[in-house]
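To start, the structure under review is shown below, and the notes come after it.
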Amino acid sequence: MDRTDAESTAGVPRTRKWVLASFIASYGLLLPGLSCTLISCDLSALSGELPLKNMTESMLQFVHELHKRGAHLGFFLLILSAMVIPAAKLVLLILSEFWRRGGSAQVMRARFCVFALQAMSKWACEGVFAYVLLFNLLRGLDHPPLLQAKASQGIGFTCFAIFCMVSAISALGLKVPPLPKGMEHPTNKDTLFAQRPALLAAAVATMCAVFVPLLVMGIMTPSMSLSVSVGSFFKPSGPLDPALRQIVEMLHIEELTHSEVSFQACMTNLAKWMIEEPRANSLLSLTLFAVFVILTTVLNMVMLMATSVLLWRRAAEPPRRKLEWLMKVSTTLKKLGFLDVAIVGLALVVACGGAYRKLGIELHLNAGLLLLFGAELCHYGAYMLVKQSVQAVTGEPEERNEARQVEDKRADEVQGGVEDMVDLESAKKASVDEIVDLQDAKEACGASTDSFDEDAQVAVITKVGETVVVAIAVQ
Numbered sequence: 246m247d248r249t250d251a252e253s254t255a256g257v258p259r260t261r262k263w264v265l266a267s268f269i270a271s272y273g274l275l276l277p278g279l280s281c282t283l284i285s286c287d288l289s290a291l292s293g294e295l296p297l298k299n300m301t302e303s304m305l306q307f308v309h310e311l312h313k314r315g316a317h318l319g320f321f322l323l324i325l326s327a328m329v330i331p332a333a334k335l336v337l338l339i340l341s342e343f344w345r346r347g348g349s350a351q352v353m354r355a356r357f358c359v360f361a362l363q364a365m366s367k368w369a370c371e372g373v374f375a376y377v378l379l380f381n382l383l384r385g386l387d388h389p390p391l392l393q394a395k396a397s398q399g400i401g402f403t404c405f406a407i408f409c410m411v412s413a414i415s416a417l418g419l420k421v422p423p424l425p426k427g428m429e430h431p432t433n434k435d436t437l438f439a440q441r442p443a444l445l446a447a448a449v450a451t452m453c454a455v456f457v458p459l460l461v462m463g464i465m466t467p468s469m470s471l472s473v474s475v476g477s478f479f480k481p482s483g484p485l486d487p488a489l490r491q492i493v494e495m496l497h498i499e500e501l502t503h504s505e506v507s508f509q510a511c512m513t514n515l516a517k518w519m520i521e522e523p524r525a526n527s528l529l530s531l532t533l534f535a536v537f538v539i540l541t542t543v544l545n546m547v548m549l550m551a552t553s554v555l556l557w558r559r560a561a562e563p564p565r566r567k568l569e570w571l572m573k574v575s576t577t578l579k580k581l582g583f584l585d586v587a588i589v590g591l592a593l594v595v596a597c598g599g600a601y602r603k604l605g606i607e608l609h610l611n612a613g614l615l616l617l618f619g620a621e622l623c624h625y626g627a628y629m630l631v632k633q634s635v636q637a638v639t640g641e642p643e644e645r646n647e648a649r650q651v652e653d654k655r656a657d658e659v660q661g662g663v664e665d666m667v668d669l670e671s672a673k674k675a676s677v678d679e680i681v682d683l684q685d686a687k688e689a690c691g692a693s694t695d696s697f698d699e700d701a702q703v704a705v706i707t708k709v710g711e712t713v714v715v716a717i718a719v720q
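Going by the numbering used here, the first residue of the sequence shown is number 246, and it counts up by one from there.
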């Protein structure tokens, strides 16, 4: 390694052990998450006396069913989300750690690996959100005593959801290696919004004004619906004899085999079920939607609005450190915000819904999802505008700021060490001066060491001793 390569490793932060441990440990949950039951449902009529339909499904079973029925697009997308992305995340982590403290070229490759890992980390979670809504839809078919739907989330859902959350959060703990010395990150300081912060604040405020009603209406409006064909209850696709069709029609069961759910209804139902019958999956599902979908997105819009106002009000002398901190928090919230992932997950599962048709189940997207998509567009647009403007003002990307802070801390430590050395030299010089004063005093009195006033000797020696102790303490 030449001198340039050796210097490139200076200030490169090492990955924390807890980050590596939690990230790798989460993969122990991936296999049971894929192979164990995600969701199950027993549908029956007349207080359970007339079984109508049974559904038990794991991720691998769903993928196999898509392949068997020729749903190639859904098969490819689900394989990509549930298997390829998790495998790619693990490979990127290993490569980033291998290259992190190498030469300049290796550091650049490590930077790419960390960026790619953090960008794709949450995109292994789409199916989790869709299955939470599907679980709500199946329980929405429960209309006792005429129609009963006993739906439950299995251990596969628990494992896969925890894997997604832990791996996504752990990925945020990875530090991006700073650019090697001599390399600069290009920043565009001539952007319209960076030069005119008042326009930036107005644009972000407008996006927030559009975002709020879209998000509220999107949460309240049904986003997904499910309907079950009564014909699927009868042979050959169901357990009932066709001779019973007239009886089933007389019970008007078909009117009860449709349900729809919004994000708000989903969270309300989960909270109610958790109180009635506490289950870990209900708490996990509620946390996913209430915290990672809604709360993080709302908080990020608040942070973006505050950052844009700060840029506008302090345009003459922008508070660089405060802007950097606000942008760092906003970036973290953006990476932990799963509204975009939930939207894509719902669309993905509905696109793969052909696998459910053999059960007589039809899945549909509703208007609420379109409203939420509009809210997420406003969120994304505000984030990109503020991020570019902050980088134009500070002149450095986030990882460069962190490296500079490390260098500043080291410089402070070096300066403190120099000051300690100066204090030590001063203390030593003071000790020598005290000894010289003692000799001068003895010579002035014309006395030998034995006849010198013992009290004076003790006083001076004590003074010298205190000075030496201080010098040793400083050292």
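Every residue, glycine too, gets a C-beta built ideally from N, C-alpha and C.
Could you tell me which of the options sits nearest to residue i, measuring between CA atoms?
i, options, result
"A612", "L459, E302, K420, A369", "L459"
"F478", "R261, C623, M300, L279", "M300"
"L305", "K480, S280, P422", "S280"
"S474", "Y625, R259, I606", "I606"
"S397", "A369, S527, P389", "S527"
"I339", "V359, E505, K567", "V359"
"E500", "A443, S472, V461, C404", "S472"
"A620", "T502, T466, V457", "V457"
"R441", "E522, L556, C623, A394", "L556"
"L616", "A394, G463, M353", "G463"
"S470", "L297, H609, L288, V329", "H609"
"P390", "V308, P481, L337, E294", "E294"
"V586", "L297, D486, T541, P564", "T541"
"E302", "T552, W570, S507, G372", "G372"
"L485", "L337, R356, K298, G582", "K298"
"S774", "S634, I498, C623, Y625", "Here the chain covers residues 246 to 720 and nothing more, so residue 774 does not appear."
"P277", "A394, L335, C404", "C404"
"P422", "T466, A413, V352", "V352"
"I588", "F537, S634, A551", "F537"
"S326", "A592, C623, R524, L604", "A592"
"F224", "F268, M328, Y272, M512", "Nothing about residue 224 can be read from this structure; the chain reaches only from 246 to 720."
"G418", "I269, A290, Q509", "I269"
"A416", "Y272, M328, L531, G401", "Y272"
"H503", "A394, F583, I414, F307", "A394"
What residue range does the beta strand (DSSP E) around residue i cover?
i, result
"P331", "Counting along the chain, P331 falls outside any beta strand (DSSP E), though it belongs to the alpha helix (DSSP H) covering 330-344."
"T301", "295-303"
"T282", "282-290"
Going by DSSP in three states, residue i sits in which element: helix, strand or coil?
i, result
"E607", "strand"
"E505", "strand"
"H388", "strand"
"A316", "coil"
"S472", "strand"
"T466", "coil"
"V554", "helix"
"F374", "helix"
"S397", "strand"
"W263", "helix"
"N646", "Only weak support exists for where N646 lies, its pLDDT of 48 falling under 50; the coordinates are left without a value."
With residue i as the anchor, note down where its alpha helix (DSSP H) starts and where it stops.
i, result
"T639", "612-639"
"A488", "Per DSSP, A488 belongs to no alpha helix (DSSP H) and is neither H nor E."
"L362", "349-365"
"L591", "584-596"
"W570", "565-581"
"S530", "525-532"
> Should the segment 318-338 be regarded as contacting the segment 595-609, the criterion being three or more beta carbon pairs within less than 8 angstroms?
Replying inline: The answer is yes - the segment 595-609 touches the segment 318-338, with three or more Cβ pairs under 8 angstroms.
> Can we say the segment 558-567 touches the segment 516-531, given the rule of at least three CB pairs closer than 8 angstroms?
Replying inline: Touching, no, given that fewer than three Cβ pairs across the two stretches are closer than 8 angstroms.
>> When you compare the segment 443-452 with the segment 619-635, are there three or more beta-carbon pairs, one atom per stretch, that lie closer than 8 angstroms?
In response: Touching, yes, given that three or more Cβ pairs across the two stretches are closer than 8 angstroms.
>> Taking 8 angstroms as the cut-off, does the segment 378-398 touch the segment 341-350 (at least 3 CB pairs, one atom from each stretch)?
In response: Too few Cβ pairs lie closer than 8 angstroms, so no.
>> Does the contact criterion of 3 or more C-beta pairs under 8 angstroms hold for the segment 351-368 versus the segment 483-495?
In response: Between the segment 351-368 and the segment 483-495, the count of Cβ pairs shorter than 8 angstroms is below three; the stretches do not touch.
>> Does the structure place the segment 568-575 close enough to the segment 542-550 that three or more beta carbon pairs sit under 8 angstroms?
In response: Because the criterion of three Cβ pairs below 8 angstroms is met, the segment 542-550 and the segment 568-575 touch.
> Taking contact to mean at least 3 C-beta pairs separated by less than 8 angstroms, is the segment 259-266 in contact with the segment 283-302?
Replying inline: Contact between the segment 259-266 and the segment 283-302 is not established, with fewer than three Cβ pairs separated by less than 8 angstroms.
> Okay, do the segment 394-412 and the segment 309-319 touch, 3+ Cβ pairs below 8 angstroms being the bar?
Replying inline: Three or more beta-carbon pairs separated by less than 8 angstroms are not found between the segment 394-412 and the segment 309-319, which leaves the two stretches without contact.
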